[in-house]
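Sequential numbering of the sequence shown, starting at 224, is according to the numbering used here.
Structure record follows, encoded as C-alpha cells.
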Amino acid sequence: KASAQKDILIKVLDDGITKLNEAQKSLLVSSQSFNNASGKLLALDSQLTNDFSEKSSYFQSQVDKIRKEAYAGAAAGVVAGPLGLIISYSIAAGV
C-alpha cells in the first residue's frame, strides 16, 4: 500500500512539474509580448508628444495649413462677395 501511494505521489509531482514548466513558458511568452507592446506605446507617446509640441515642424505645418485655408476663404469672400463667403464656408465645413 505504501508503495502504491508513493507511486501516485511521484506521478502527481511529475505532472505538477510538467504543468509548472508549461506555465513558465507561457508566462515568458506573455511577458515578451507585453514588453514589446509597452515599447511600442512608449515610442508612440514620444512621437505624439513631439508632433503636438508647439515647436514641432508637424504642428507648425498644420497651423500653416489651417491659416492658408482660412485666408483663402476670406479672400474668396472679398472677391466674390457674400455668395463667395457662403461657398467658402460650405467648402470649409465639408458640405
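Cβ coordinates follow ideal geometry from the N, Cα and C atoms, glycine included.
Straight-line gap, residue i to residue j (C-alpha atoms, nearest Å)
i      : j      : result
Asn258 : Ala246 : 18 Å
Glu292 : Phe275 : 20 Å
Sequence-distant residues of the same chain with beta carbon closer than 6 Å to residue i, five excluded per side
i      : result
Asn244 : none
Endpoints, alpha helix (DSSP H) assigned at residue i
i      : result
Phe257 : 225–274
Own chain partners of residue i with C-beta closer than 7 Å, once the 5 adjacent residues on each side are dropped
i      : result
Asn273 : Ser279
Cβ-heavy atom distance, residue i to the ligand NAP, below 8 Å
i      : result
Ile231 : With respect to the ligand NAP, the structure shown offers nothing to examine, as it has no ligands at all.
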